[in-house]
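J.:
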Ligand code: HEM
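Numbering (this note's numbering), first residue to last: 373 to 496.
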């Protein structure tokens, strides 16, 4: 399950940047932008599902940090979605992008700090 989580989040990060940059405000957007966004939303669901399963499997250990990881993951996905939508509507996605990068780094760091998974194993 953790491999699914990692594969999905790497895919989401790549798809996020491609989708974001396919929007050229105010001149319109690439015809691939909407389909890419839809695939990205599907990948969010895979991250949520795999994260929830991991949470249910291991979350009883360090409840506070797992709870925070859950919330940070949700906020990060929320910020990805909001940045794309703002960029499409008003061209002001960059502001949210800064918050997104910060949350992304903290979420990944906490994921690595928590004990399971291949990335955690690299640091032991
Ligand atoms: C874009 C959002 C997310 C990112 C970037 C992210 C990132 C990560 C990373 C890097 C790991 C560590 C994998 C490893 O050590 O090999 C991880 C593990 C984990 N993630 Fe996420 N995650 C996100 C969303 C979520 C969500 C929404 C949830 C909960 C529903 C969640 C729950 C977990 C859990 C429970 C673990 C296992 C931690 C452990 O025991 O080591 N994640 N995540």
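No residue lacks a Cβ here, since even glycine has one placed at the ideal position from N, Cα and C. None of the values given here were measured: they were computed from a predicted structure.
Touch check for the segment 439-447 and the segment 405-413: three-plus C-beta pairs under 8 Å?
T.: Not touching, per the Cβ criterion.
J.: Kindly indicate which three-state DSSP category residue 463 falls into: helix, strand or coil?
T.: Working through the chain shown from its first residue, we reach residue 463 at position 91. Coil, per DSSP.
J.: Given this structure, state the Cα-to-Cα distance separating residue 383 from residue 391, to the nearest angstrom.
T.: For the purposes of this step, residue 383 is taken as the residue at position 11 of the chain shown. For the purposes of this step, residue 391 is taken as the residue at position 19 of the chain shown. Taking the straight line from one Cα to the other gives about 12 Å.
J.: Determine, using beta carbons only, whether residue 378 and residue 437 come nearer to each other than 8 Å.
T.: Counting from 1 along the chain shown, the entry for residue 378 is found at position 6. Counting from 1 along the chain shown, the entry for residue 437 is found at position 65. Not closer than 8 Å, so no.
J.: For the alpha helix (DSSP H) containing residue 387, name the first residue and the last one.
T.: Position 15 of the chain shown, counting from 1, holds the residue named residue 387. Residues 374-393.
J.: Give every residue of the same chain whose Cβ lies closer than 8 Å to the Cβ of residue 419, excluding the five residues on either side of it in the sequence, and list them in chain order.
T.: Taking the first residue of the chain shown as 1, we reach residue 419 at position 47. Cβ neighbours of residue 419 beyond the five flanking positions: 377, 380, 381, 384, 445, 449.
J.: Which partner residues does residue 396 have in the DSSP bridge list?
T.: As a first step, residue 396 must be located in the chain shown, where it is residue number 24. DSSP lists 400 as partners of residue 396.
J.: Please return the same chain residues whose Cβ sits closer than 7 Å to the Cβ of residue 459, not counting the five positions on each side in sequence.
T.: In the chain shown, the residue the question calls residue 459 occupies position 87. Closer than 7 Å at Cβ, skipping near neighbours: 392, 395, 397, 465.
J.: Does the Cβ of residue 505 lie closer than 7 Å to at least one heavy atom of the ligand HEM?
T.: The question about residue 505 has no answer here: the residues shown for the chain are numbered 373 through 496.
J.: To the nearest angstrom, how far is the alpha carbon of residue 426 from that of residue 453?
T.: Within the chain shown, residue 426 is the residue found at index 54, counting from 1. Within the chain shown, residue 453 is the residue found at index 81, counting from 1. When rounded, the distance between both Cα atoms is 23 Å.
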